[in-house]
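Trainee: Sequential numbering from 414 applies to the sequence shown in the numbering used here. By construction, the Cβ of each residue, glycine as well, lies at the ideal position given by its N, Cα and C atoms.
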Amino acid sequence: MAEFTSAEMPQVLAACRENLAGIAEGYNQCFLTESQLSLCELQSVSDSIPEEISGPGLLLTFQFGAVYVHITIPQSLPIPDWCREPGVSEVSRLQTLPVEWSINLFPMEWEPEASTYQYVEDLAAALQACEPAADSSLIKFAVGEDPTGPGFYIVGPAAKTYEAPAPAETEEAPETSAESDPSEPVPPQPELSPEEARERDDRARRIAQVMNMPVPIVVVMAEKKIELGKLLTMGPGTIISFNKSCDDLLDLCVNNRAICSGEAVKIGEKFGLKINELQSTAERLKAMSRSRIL
């Protein structure tokens with residue numbers, strides 16, 4: 414593959430214009446918003462780095478050989494507070510976002526080798542540490558109806574990915590008992606091997622590719638076994654009782670596997686289900702995997 418240079422950034426802008434609806438859909442699915450995105454023209458990094466690329470936020474990185482393209486998403490847009498310390502379901506959404514965007518942001522001939530995300534405390538400093546090329550460019554996505562309003566940026570190419578500095582070493586504190594200090598340090602997350610990272614990215618890519626695919630869902634009110642003779646002899650007016658309270662929640666199933674439960678509601682003249690209890694994203698993906706989609 415040829416080296417990704419600043420000459421490719423106009424092609425990136427063209428791909429973004431063509432796939433803007435998909436990019437906006439990925440943004441809204443990740444952050445659970447209904448935001449409108451609009452594109453601005455290319456801008457040289459040498460002109461100036463916009464003031465909004467400052468403070469904390471998400472830094473997405475796309476690798477093309479020894480060259481990188483970054484996306485800065487400021488916390489001040491705003492994006493949800495959980496982006497700083499995401500839970501299990503939020504991590505899944507954040508992992509999916511760069512993989513899905515890698516399909517929509519770049520021309521087909523420029524498929525990133527890897528895509529990652531991280532939360533940083535200073536986007537401007539992190540971007541400078543990535544050493545953008547002297548002729549690198551910015552592409553702004555304005556979030557909202559005003560194209561001059563706040564947004565996030567594609568910045569590239571750059572020579573490095575960002576590595577957060579290690580915490581400064583401090584003098585060992587005197588030992589204290591568990592009673593005086595009940596808090597325990599959170600163990601660091603183990604680093605993924607290249608094979609594990611590729612497997613994670615491949616899975617996230619497959620998930621992103623089928624996000625718009627319709628999936629049959631079934632609401633199960635109740636079930637039981639009855640004798641074949643009763644089944645053959647029942648007719649109009651027959652009443653079958655179930656060992657289930659009318660107040661119990663109904664299960665919503667995918668591939669005969671319950672993924673959530675809720676209560677029946679009336680929507681106009683139609684039936685609906687209000688979700689009360691929901692399994693984790695990982696469990697829902699397991700239900701999908703039984704159909705070999707993922």
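Could you tell me the alpha carbon to alpha carbon distance between Thr651 and Ile680, rounded to whole angstroms?
Mentor: Going by the C-alpha atoms only, they are around 28 Å apart.
Trainee: With C-beta atoms as the reference, is Ser550 less than 7 Å away from Ser419?
Mentor: Their beta carbons are under 7 Å apart, which means Ser550 touches Ser419 by this criterion.
Trainee: Could you give the distance in angstroms between the alpha-carbon of Phe684 and the alpha-carbon of Ala428?
Mentor: Roughly 41 Å separates the two Cα atoms.
Trainee: Near Ala547, which residues of its chain fall below 7 Å by C-beta distance, leaving aside the five closest residues on each side in sequence?
Mentor: These residues qualify, in order along the chain: Ser459.
Trainee: Cβ-heavy atom distance between Tyr440 and the ligand SAM below 6 Å?
Mentor: In the structure shown, the ligand SAM is absent, as is every other ligand, since no ligand is present at all.
Trainee: Let's test the definition: count the other Cβ atoms within 10 Å of the Cβ of Glu447 and tell me whether it reaches 16, buried, or not, exposed.
Mentor: Label assigned to Glu447: exposed.
Trainee: Pull up the distance between the alpha-carbon of Pro423 and that of Gly468, whole angstroms please.
Mentor: Between Pro423 and Gly468, the C-alpha separation is close to 28 Å.
Trainee: Tell me, please, which residues DSSP counts as bridged to Arg670.
Mentor: BP columns for Arg670 point to Val667.
Trainee: Pairs of beta-carbons, one from the segment 472 to 482 and one from the segment 569 to 576, closer than 8 Å: are there three or more?
Mentor: At 8 Å Cβ cutoff, the stretches touch.
Trainee: How would you label Gly470, buried or exposed, when you count the other beta carbons within 10 angstroms and need 16 or more for buried?
Mentor: Its Cβ being crowded by 16 or more others within 10 Å, Gly470 is buried.
Trainee: Ends of the alpha helix (DSSP H) at Ile516?
Mentor: Note, Ile516: alpha helix (DSSP H), Val501 to Leu518.
Trainee: When the Cα atoms are used, what is the spatial distance from Pro491 to Pro607?
Mentor: One C-alpha to the other measures close to 33 Å.
Trainee: Along the chain, where does the beta strand (DSSP E) that runs through Asn689 open and close?
Mentor: Note, Asn689: beta strand (DSSP E), Lys683 to Leu691.
Trainee: Considering only their Cβ atoms, is the gap separating Val480 from Phe417 smaller than 7 Å?
Mentor: Result yes, Cβ atoms of Phe417 and Val480 sit closer than 7 Å.
Trainee: Quick one: what does DSSP say Glu676 is sitting in, helix, strand or coil?
Mentor: Glu676: strand per DSSP, three-state reduction.
Trainee: Out of Ile567, Pro525 and Tyr532, point me to the one whose CA is closest to Pro545's CA.
Mentor: It is Ile567 whose Cα lies nearest to the Cα of Pro545.
Trainee: Kindly indicate which three-state DSSP category Leu641 falls into: helix, strand or coil?
Mentor: Three-state DSSP puts Leu641 in a helix.
Trainee: Just how far apart, CA to CA, sit Glu534 and Lys638?
Mentor: Whole-angstrom Cα-Cα distance: 59 Å.
Trainee: Does DSSP put Leu468 in a helix, a strand or coil?
Mentor: The displayed chain sequence assigns Gly, not Leu, to residue 468. Reduced to three states, the DSSP call for Gly468 is coil.
Trainee: So Phe444 is in the alpha helix (DSSP H); what residue range does that whole segment cover?
Mentor: Segment Leu433 to Phe444, the alpha helix (DSSP H) holding Phe444.
Trainee: Going by the CB atoms, is the gap between Val482 and Gly564 shorter than 7 Å?
Mentor: No, these two residues do not count as a Cβ contact at 7 Å.
Trainee: DSSP on Ala571, reduced to helix/strand/coil?
Mentor: Ala571 falls in the strand class under three-state DSSP.
Trainee: Which residues in the same chain as Ser593 place their Cβ atom closer than 7 Å to its Cβ, once the five residues preceding and following it in sequence are excluded?
Mentor: Reliability fails at Ser593, whose pLDDT of 44 lies under 50, so the model's placement of it is uncertain and the value that follows must be treated cautiously. The answer is none, since no qualifying residue turns up.
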